[in-house]
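Beneath this line is the structure, given in structure tokens, with notes to follow.
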Amino acid sequence: MEHHHVTEELRGVDFWENHYGTSERVWSGKVNQVIERLVTPLTPGTSLDLGCGEGGDVMWLASKGWQATGVDISPTAVQRAETDAAAHGLVPPQATFIAADLSEWTSTERYDLVTLSFFQAPFDFDRAEILRKASLLVAPGGHLLALSHAARPSWAPPLEGKVPPFPTPQTELDALALDSDQWDILQAEIIERQITDPNGNPATLEDTVVFVQRRN
Ligand SMILES: C[S@@+](CC[C@H](N)C(=O)[O-])C[C@H]1O[C@@H](n2cnc3c(N)ncnc32)[C@H](O)[C@@H]1O
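By the count of the working numbering, the sequence shown reaches residue 443 at its end, each step adding exactly one.
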């Protein structure tokens, strides 16, 4: 349990560098079904994935014609993403990766699609502020999609100690604090995914989905 103990002590970039440094990278090429369903009808433009990890969603977006950018705090994850994307023929400006802490990073650009997929950590961080910042990076007519775990997997043991609460549609909307004159809420709900757990048994995952559009 030493490993568990060590990761509990880590925060921020140290936690995520440890996370990516101790896991092997395998890109499935598959994107989350919610992202696929909601993004496929959109006309490709510029996209920004916040907390992009090893870049799977960015590569999927780039392969669908988006000019896709991903930002992540972990240089290890970003380097893997760049290497994988290049191996798939995806280079800037089709697929661009930036290693930066979103607590500090911002951009003067506005994006047609801003995504956050499972932008969560087992410790408190300024997630709500980053979510709010994400909304400011959406271009007129553009969309923001925040997808997050709404609960621990049904088979997973409860996390010990103090962990941040899971996002609900309402806490996401509260964090975003959108001006209702400027934004339409297209979807804000918890979606269930039926999967097979690591022991081969049927299991359920719950995802909080918030999908909003900035008006022109
Ligand atoms: C649970 S992972 C999700 C990764 C990926 N989006 C996915 O769906 O697989 C959360 C990601 O957010 C990144 N992250 C956490 N805090 C961050 C911050 N302050 N700035 C930038 N990235 C951050 C982590 O490095 C990690 O890659």
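Where is the CB? At the ideal position from N, CA and C, for every residue including glycine.
These numbers come from a predicted model, not from an experiment.
{"Query": "Spatially closest choice to Leu400 from Glu387, Phe393, Ala415 and Gly388, by CA coordinates", "Result": "Ala415"}
{"Query": "Beta-carbon separation (whole angstroms), Ala348 vs Phe438, contact threshold 8 angstroms", "Result": "Actually they are not in contact, since the Cβ atoms of Ala348 and Phe438 sit about 22 angstroms apart, beyond 8 angstroms."}
{"Query": "Burial state of Asp225 (16 or more Cβ within 10 Å)", "Result": "The chain is shown from 228 up to 443; residue 225 falls before or after that span and cannot be answered."}
{"Query": "Three-state class that DSSP yields for Arg441 in the structure shown", "Result": "strand"}
{"Query": "Rounded separation between Trp382 and Ser274 - CA only", "Result": "34 angstroms"}
{"Query": "Supposed close pair Arg441, Gly369 - CB separation, criterion 8 angstroms", "Result": "5 angstroms"}
{"Query": "Own chain partners of Gln294 with C-beta closer than 6 angstroms, once the 5 adjacent residues on each side are dropped", "Result": "Thr273 and Pro320"}
{"Query": "Bridge partners - Ile300, DSSP secondary structure assignment", "Result": "Answer by DSSP bridge pairing: none, since Ile300 is not bridged."}
{"Query": "Residue span of the alpha helix (DSSP H) that contains Ala402, given as start and end", "Result": "Pro396 to Leu403"}
{"Query": "Beta bridge counterpart(s) of Glu433 as assigned by DSSP", "Result": "Glu419"}
{"Query": "Proximal residues to Ala377 (C-beta, below 8 angstroms), its chain only, five neighbours per side dropped", "Result": "Phe393, Pro394, Thr395, Ile417, Glu433, Asp434 and Thr435"}
{"Query": "Ligand 1 heavy atom lying under 7 angstroms from the CB of Gly248", "Result": "no"}
{"Query": "C-alpha distance - Thr310 paired with Thr431, whole-angstrom precision", "Result": "33 angstroms"}
{"Query": "Among Val266, Leu317 and Arg420, the one whose alpha carbon lies nearest that of Leu340", "Result": "Val266"}
{"Query": "Secondary structure of Ala313, DSSP reduced to three states", "Result": "helix"}
{"Query": "Leu329 beta carbon near ligand 1 (any heavy atom closer than 7 angstroms)", "Result": "yes"}
{"Query": "With 16 other Cβ atoms within 10 Å as the buried cut-off, status of Ile422", "Result": "exposed"}
{"Query": "Residues that Tyr338 bridges to, as DSSP identifies them", "Result": "Val365"}
{"Query": "Spatial neighbours of Thr323 in its chain, beta-carbon cut-off 6 angstroms, leaving aside the 5 residues before and after", "Result": "Thr296"}
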